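Taking the working numbering, I'd label the letters of the sequence shown as residues 83 to 800.
First comes the structure, then the notes that go with it.
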Amino acid sequence: MRIKTTLLLLLIITAFNAARSQGFNSVFSPDGVFVIAAGNQGKIFRSTNGGAAYSSYTINTGVNFISCYASDSAVWLAGSDGNVYRTFKHSMNPVGISTGYSASINSVYFVSRSTGYICGDSGIVMRTTNGGDNWFNLNSGLAAVNYNCVHFRDSLNGVVAGNNGKLFLTSDGGATWVLQTTGTTRNLLKAKYFSGGIAVTGEYGTLLMKYGASPWQTVNTRIDSDIRGIAGSNINNARVSGGGGFIRNNTNGSTKFLNFEINPMMADLKDIYYSDSLTGFAVSSLNQAIIKTTNGGINWNLSPGTTVAYSWTSKLSTSGGIGNNLCRHPYDRNSLFCMFGNRVYVSRNRGDNWTQIATATPGTNAHNFFVSPIDTNIWLCAIESSPDKVIRTTDYGTTWSTILSINFSNYGTPLEIDQNNPSVFYYAPDGGGFYKSTDNGATFNEISGNFPFRSPCDITVMYDSSNVIFVADGITGSGLGDIYKTINGGVNWTKVHTNSSSSEIPAMCNTVFDRSVMYATNWSGGDIYRTTNYGDNWSLLRTNSGSGWAAEICREDPTFVLTGSYGGSTYLSLDGGKNFSTISITGGAGAGEIAVDRSFVIDMRTGGIQKLSAVYSVITSTEENIISNVPSGFNLHQNYPNPFNPSTTIKFDIPKSGFVRLKVYDVLGREAATLVNEIRSAGSYEIVFNAVGLSSGMYFYKIDFEGNTDVKKLMILK
83 MRIKTTLLLL LIITAFNAAR SQGFNSVFSP DGVFVIAAGN QGKIFRSTNG GAAYSSYTIN
143 TGVNFISCYA SDSAVWLAGS DGNVYRTFKH SMNPVGISTG YSASINSVYF VSRSTGYICG
203 DSGIVMRTTN GGDNWFNLNS GLAAVNYNCV HFRDSLNGVV AGNNGKLFLT SDGGATWVLQ
263 TTGTTRNLLK AKYFSGGIAV TGEYGTLLMK YGASPWQTVN TRIDSDIRGI AGSNINNARV
323 SGGGGFIRNN TNGSTKFLNF EINPMMADLK DIYYSDSLTG FAVSSLNQAI IKTTNGGINW
383 NLSPGTTVAY SWTSKLSTSG GIGNNLCRHP YDRNSLFCMF GNRVYVSRNR GDNWTQIATA
443 TPGTNAHNFF VSPIDTNIWL CAIESSPDKV IRTTDYGTTW STILSINFSN YGTPLEIDQN
503 NPSVFYYAPD GGGFYKSTDN GATFNEISGN FPFRSPCDIT VMYDSSNVIF VADGITGSGL
563 GDIYKTINGG VNWTKVHTNS SSSEIPAMCN TVFDRSVMYA TNWSGGDIYR TTNYGDNWSL
623 LRTNSGSGWA AEICREDPTF VLTGSYGGST YLSLDGGKNF STISITGGAG AGEIAVDRSF
683 VIDMRTGGIQ KLSAVYSVIT STEENIISNV PSGFNLHQNY PNPFNPSTTI KFDIPKSGFV
743 RLKVYDVLGR EAATLVNEIR SAGSYEIVFN AVGLSSGMYF YKIDFEGNTD VKKLMILK
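Below, the structure is given as structure tokens:
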């Protein structure tokens, strides 16, 4: 075995939409001090100081580590090659132990130093009683599906979760298993057996809870992104993570997990682990940023030295963008529609690529576009014409019919679907009136007695309360931007807000997770207003530069708030509107925004589509790569190059495991740098010594290993 060690600080940059090989699948910390994260292509991060600094290791690029666990001094990793890898806290040199299978091992859990369990693809469920040296099957009576997680409350009571909704419990250490009635066929991804019950997570927002001896309960999480991680100290203090980066908990009696934890991750959170009630760690499979909380999830922070940079990337260049024509596919979470002019585009890969699929007639520039959740062949849009129109297709955009011919604001979004009842649409034209359709947009009727709206800019329907609707109203140059509210489905209206410093309220947004909260932007000022009492009162939250335009609350996490402008800036908050980051954007003026999840964020511009990315820069203290075989003897090699500036490579060989001390001294014998001071496995090591900060001159480097000592000279020339 030959190990290459680089002591230069390594800058590892990964975007949230990078290949999955760039991040981690699992994180574990038994005590909040030792932390290990494991990922694809043999990648491991290890910390021995609670995450203040991490060392990076690449063990075997041909193996993906799916799960990790530590007990006492031992560390185990579940490998995609069917092996369980065992190493120790003080030395990351995992050795693969065959299970007799080649299928992926997806989860590893130990109830003691000797007794552990694994599960994996092809129905694998196994146990060891000698610390992982040998494994034997426990899959008698289990379904032949891929199992994704095994967890035990104690030596007897455990749970194993797998694909197709398969979930089994044991009360005798795995000798026998009892199939559970879960009510789902979704793939189950993670399970945790608490002292007071069991929690299980899965694809498409699946969350199952079992409190004591009670039957299984399904939590309506109101999302369709995958929930992948679960942690916590007890069944009433559980955390789940996943999607594009959300963390939710059920503390203080929130059985629907409506407490969202503020965190900086904008990528799937693949795993989360709490070492105690306050200290937790979480990782993504899409980057190497590890986040940590020390206050029970009140907030999470990136590791010291890790930074994040936000930017928008152009995904479609076109013309004719106005209003908010972004529409999510009702059933395909990766697909998104948008209209520019009278052209309909679709993306099937989360906004990365777009294809024109239809042309709408009559009309020129669409201001709203909707695909019906009842029948995806039915589309509606509000489009500029003479006069302006609401048009509809029932054949996926091949032919179109005119439903209404009434002018609307040339800057507004006058059409809206009732997300609570998708057969209902609303339309608010210029000059008064409020129209409602109850037949999926086939016909509309005026229901408000022609209420005297001036020029409506936006319509918002309250989640779970279709009778509560808001209309944002304004006329360019009027100096008054108004918000109206109805509590009887649009029949009667009350003005609840007037902004006398602007002319329009271009956009409003609300969230399914808290009906009391809404945000609104204004034009031509940069004010952002918020209500926390169901729209009855609005207060100024902040003032941005430029003229406000679009507004969006993330569909999976209300701590994520995004607002736009009619200029070249957007404003992102990851803490529920307390703080905002300004992110520059190109592609024309702002039009609409949608945040499907924290990692799937799209901005519609007048000139095209932009997608938000977050790039995490992670600094690690060391990098080690296992390359070849064990050397035959002890040896300290001459550094190269020599002389050097600013860095040189020092190589040494050790034929067996032992404590290695490698230091650099000046000519007076004073210590200048410590390169190695720990137990190392047998191998050949190359260390890149960075002499930045040291003066030119002669130095010595000395190695001590198990009674062997050697010293050599090196020269710094600057």
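Backbone N, C-alpha and C define an ideal beta-carbon position, used for all residues, glycine too.
A quick note: this is a predicted structure, and the numbers were derived from the prediction, not measured.
Just checking my contact of residue i with residue j at CB under 8 angstroms: how many whole Å lie between their CB atoms?
i    : j    : result
D350 : S681 : 7 angstroms
F734 : I785 : 6 angstroms
T400 : F422 : 5 angstroms
A633 : A589 : 4 angstroms
T731 : N721 : 6 angstroms
A313 : I372 : Actually they do not touch by this definition, with Cβ atoms about 14 angstroms apart.
P737 : V697 : Actually they do not touch by this definition, with Cβ atoms about 43 angstroms apart.
Q104 : N369 : 6 angstroms
Y653 : N626 : 5 angstroms
E638 : G326 : 7 angstroms
N808 : V207 : In the structure displayed, the chain extends from 83 to 800; residue 808 sits before or after that span and is not available.
Under three-state DSSP, which class holds residue i?
i    : result
Q720 : coil
Q692 : strand
G378 : coil
I709 : No answer about I709 holds up, because its pLDDT of 45 lies below 50 and its placement is not dependable.
G121 : strand
D203 : helix
G335 : helix
N246 : helix
C80  : The structure shown does not extend to residue 80, since the chain spans only 83 to 800, so no value can be given for it.
Y275 : strand
I488 : coil
A754 : strand
H172 : coil
Y413 : coil
E675 : strand
K800 : coil
Y616 : coil
D470 : coil
S180 : strand
P538 : strand
K660 : coil
L224 : coil
Just curious, the beta strand (DSSP E) that residue i is in, first and last residue?
i    : result
S583 : No beta strand (DSSP E) holds S583; DSSP gives it neither H nor E.
K738 : No beta strand (DSSP E) contains K738, which DSSP labels as neither H nor E.
V157 : A156 to G161
T143 : No beta strand (DSSP E) contains T143, which DSSP labels as neither H nor E.
I665 : S663 to S666
V394 : The sequence shown places Trp at residue 394, not Val. It spans T389 to S399 - the beta strand (DSSP E) in which W394 sits, taken as one unbroken run.
W620 : Segment: none, W620 is in no beta strand (DSSP E) and carries neither H nor E.
W259 : Looking at the DSSP string, W259 is not in any beta strand (DSSP E), and its letter there is neither H nor E.
A602 : M600 to T603
W217 : Taken as a continuous stretch (DSSP letters only), W217 belongs to no beta strand (DSSP E), as it is neither H nor E.
N188 : I187 to F192
Have a look at the DSSP bridge pairing and note the partners of residue i.
i    : result
Y508 : E498 and K518
R425 : F422 and T441
I785 : L744 and D792
K292 : I280
I309 : G324
S366 : L351
Q104 : The partner list for Q104 (beta bridge, DSSP) is empty, contrary to what the question assumes.
N527 : K518
E285 : DSSP lists no partner for E285.
Q299 : M291
H233 : V241
F726 : I798
Y45  : This structure does not reach residue 45, given that the chain is present from 83 up to 800, and the question cannot be answered.
Compute every distance between the C-beta of residue i and the non-hydrogen atoms of the ligand SAH, then say whether any falls below 7 angstroms.
i    : result
A524 : As for the ligand SAH, it is missing from this structure, which has no ligand bound.
Using a C-beta cutoff of 8 angstroms, does residue i count as contacting chain B?
i    : result
S582 : Protein chain content of the structure displayed is limited to a single chain, and chain B is not contained in it.
Check your understanding: Given 8 angstroms as the limit, is there contact between the stretch 405-418 and the stretch 449-461, that is, 3 or more CB pairs closer than that?
Key -> yes
Check your understanding: Do the stretch 296-312 and the stretch 268-285 make contact, defined as three or more Cβ pairs closer than 8 angstroms?
Key -> Yes, the stretch 296-312 is in contact with the stretch 268-285.
Point to revise | Segment contact flag, the stretch 391-400 with the stretch 360-375, C-beta cutoff 8 angstroms, min 3 pairs | key: no
**Study point:** Touch test, the stretch 104-117 against the stretch 143-156, Cβ-Cβ under 8 angstroms, three pairs minimum
**Key:** yes
Review point. Would the stretch 644-660 and the stretch 569-578 be scored as touching if the rule is three or more Cβ pairs under 8 angstroms?
Key: no
Review point. Is it a yes or a no for the stretch 260-272 touching the stretch 224-233, going by three-plus beta-carbon pairs under 8 angstroms?
Key: yes
Review point. With a cut-off of 8 angstroms, do at least 3 Cβ pairs link the stretch 771-785 to the stretch 742-749?
Key: yes
Point to revise | Validate contact between the stretch 460-468 and the stretch 509-527 using beta carbons, cut 8 angstroms, 3 pairs | key: yes
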